[in-house]
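Only one structure is covered here, and it is reproduced in the block below.
In the working numbering, the protein residues as written are 214 to 686.
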């Protein structure tokens, strides 16, 4: 198969042929040739690259013994000379072959964080990466994603979540290294899909989870955390998979006009409040990936009660609500409530009704035990208007301990003149200063502020990171 001397290009073609045909005899002969039949200087050092490729081919053909010979020769004669792409291919092949220790060794030795980024963890001032460092960072990132994919696919959610956390830790380093976004982009859609399928098997009891395993209520949240560490891609296909994995079912369950009418506090809860026509219903529809979950009206003040939606409740809840049938089943562990609160500030609402709503809101903020987040929506075109500062003051004075208050700037796409539909959105400096000034006066100056647009889907991932607080209660 390999007469002496055999040109390296011919050896490379033979490796590909043996890989495709899964010929163990060919792989054995190639291994004998590269490990024992040529010197380390064969093909001016290209032997190390050929050994890497042959090791991958042997692993794919379930010949771990031959792969081990190749890797031993590679380590002995060509240490430190591997191309990052070859190291990444080895990591993927070793992990899929079940050699987790071997994959970790290559990842930590050949694709270790470059020295300038080890101490900072990505928090230092921007430091443009050299060509070699950039290549190592990119292939380390891709290797971690590939390993996480395989762990989820192989019903190892503990390993998948742990690897995804390591991927998240790499995000700030990628930012510090100033890698081009198109090169540093991670293919999140497939990772979300594999995590969602693994989570589905976990919910059905098809996966055994070790005692004491530290997993989120839905392992897709681990992928969401990693996504947040990298520059946002605002990709519709990825977000659709994400939303469908986190909101598998959602049903309107009740409308309430007082504390007595609220559903039992048996799960976490988030509430959306804002001035009439601020885009509240559109935002709820956006983050749940539903077209008409919350009614979107051209008439301000349409929402007249606390509208409750149950997310990920028992599968047959809809039949129970609509037909009164008694159905079995339990809500999922990541179930929570979304409360769509009445819009304030609409002129046609009687003063007595306004006062009643204000008293109800104060009691709700203070006494609803399962409330985790209040999203206060403010129009990014105008900033706080009449009533917004009063809501801020109520949150500062009476929001129960353990609940978060979050300001959400809506309709950010409307601030871009001549928008083509591809623009994401922004808020003017003057409006942002008005928001911050109102927050300081009200006593909520440290509350987070999110920028969103239901049209361009800006901010959906940020909102979901707070919805998680309710899902995990």
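No residue lacks a Cβ here, since even glycine has one placed at the ideal position from N, Cα and C. On a predicted model such as this, the values are computed, not experimentally measured, just so you know.
Cβ neighbours of residue i in the same chain (closer than 6 Å, five flanking residues each side left out)
i, result
"residue 341", "391"
"residue 460", "501 and 524"
"residue 522", "463, 465 and 551"
"residue 338", "none"
"residue 668", "626"
"residue 302", "269"
"residue 323", "295 and 300"
"residue 683", "481, 482, 483, 549 and 585"
Cut-off 8 Å between Cβ atoms - residues of its own chain near residue i, not counting five sequence neighbours on either side
i, result
"residue 656", "605, 606, 609 and 610"
"residue 433", "405, 408, 409, 412, 455, 458 and 459"
"residue 304", "316, 319, 320, 324, 356, 359 and 360"
"residue 233", "none"
"residue 659", "none"
Own chain, CB closer than 7 Å to residue i, minus 5 neighbours either side, in chain order
i, result
"residue 442", "381, 384 and 385"
"residue 451", "401, 402 and 405"
"residue 675", "663"
"residue 453", "502"
"residue 635", "Below a pLDDT of 50, predicted positions are generally treated as unreliable, and residue 635, at 48, falls in that range; the measurement from the model is reported next regardless. For residue 635, where only same-chain residues beyond five positions count, there are no Cβ hits under 7 Å."
"residue 576", "472"
"residue 532", "538 and 540"
"residue 368", "411, 414 and 420"
Cα-Cα separation between residue i and residue j, rounded to whole angstroms
i, j, result
"residue 586", "residue 346", "41 Å"
"residue 504", "residue 642", "32 Å"
"residue 312", "residue 455", "30 Å"
"residue 743", "residue 590", "Given that the chain is displayed from residue 214 to residue 686, the structure contains no residue 743 and the question cannot be resolved."
"residue 601", "residue 328", "49 Å"
"residue 389", "residue 518", "47 Å"
"residue 594", "residue 644", "7 Å"
"residue 265", "residue 290", "12 Å"
"residue 541", "residue 321", "49 Å"
"residue 510", "residue 596", "Caution applies to residue 510, whose pLDDT of 41 falls short of 50 and renders its modelled position unreliable; the value that the coordinates give is listed next. So the two alpha carbons sit approximately 21 Å from each other."
"residue 615", "residue 430", "19 Å"
"residue 221", "residue 680", "56 Å"
"residue 282", "residue 288", "10 Å"
"residue 529", "residue 365", "28 Å"
"residue 317", "residue 308", "8 Å"
"residue 277", "residue 239", "15 Å"
"residue 678", "residue 285", "45 Å"
"residue 396", "residue 351", "8 Å"
"residue 418", "residue 425", "17 Å"
"residue 399", "residue 685", "26 Å"
"residue 638", "residue 666", "7 Å"
"residue 353", "residue 256", "28 Å"
"residue 435", "residue 445", "16 Å"
"residue 621", "residue 535", "33 Å"
"residue 647", "residue 619", "16 Å"
"residue 248", "residue 310", "21 Å"
From the options, residue whose alpha carbon lies closest to that of residue i
i, options, result
"residue 672", "626, 361, 685 and 652", "626"
"residue 297", "234, 356, 280 and 593", "356"
"residue 449", "576, 471, 499 and 620", "499"
"residue 438", "476, 376 and 394", "376"
"residue 570", "488, 623 and 618", "488"
"residue 372", "241, 318 and 428", "428"
"residue 555", "548, 574, 543 and 544", "574"
"residue 496", "397, 659, 310 and 588", "588"
"residue 349", "367, 330, 363 and 362", "330"
"residue 624", "469, 492 and 651", "492"
"residue 440", "280, 378 and 539", "378"
"residue 568", "272, 653, 638 and 470", "470"
Endpoints, the beta strand (DSSP E) within which residue i is located
i, result
"residue 623", "617-623"
"residue 338", "That residue, residue 338, is in no beta strand (DSSP E); it is neither H nor E in DSSP."
"residue 589", "584-592"
"residue 523", "519-524"
"residue 551", "549-553"
"residue 487", "481-487"
Alpha helix (DSSP H) segment containing residue i, residue limits
i, result
"residue 473", "From DSSP, residue 473 is part of no alpha helix (DSSP H); its letter is neither H nor E."
"residue 372", "370-389"
"residue 320", "313-322"
"residue 662", "No alpha helix (DSSP H) holds residue 662; the beta strand (DSSP E) holding it covers 662-664."
"residue 599", "It is not in any alpha helix (DSSP H) - residue 599 carries neither H nor E in the DSSP assignment."
"residue 534", "530-536"
"residue 653", "642-655"
"residue 410", "401-416"
"residue 445", "Taken as a continuous stretch (DSSP letters only), residue 445 belongs to no alpha helix (DSSP H), as it is neither H nor E."
"residue 353", "344-366"
"residue 675", "673-684"
"residue 501", "493-501"
"residue 572", "564-580"
Residue i CB to nearest heavy atom of the ligand NAP below 7 Å
i, result
"residue 545", "Although the ligand NAP was asked about, the structure shown includes no ligands whatsoever."
Uninterrupted alpha helix (DSSP H) stretches inside the segment 254-311 (no shorter than 4 residues): 260-273, 277-290 and 297-309
Length-filtered (4 minimum) alpha helix (DSSP H) runs lying within the segment 228-257: 237-249
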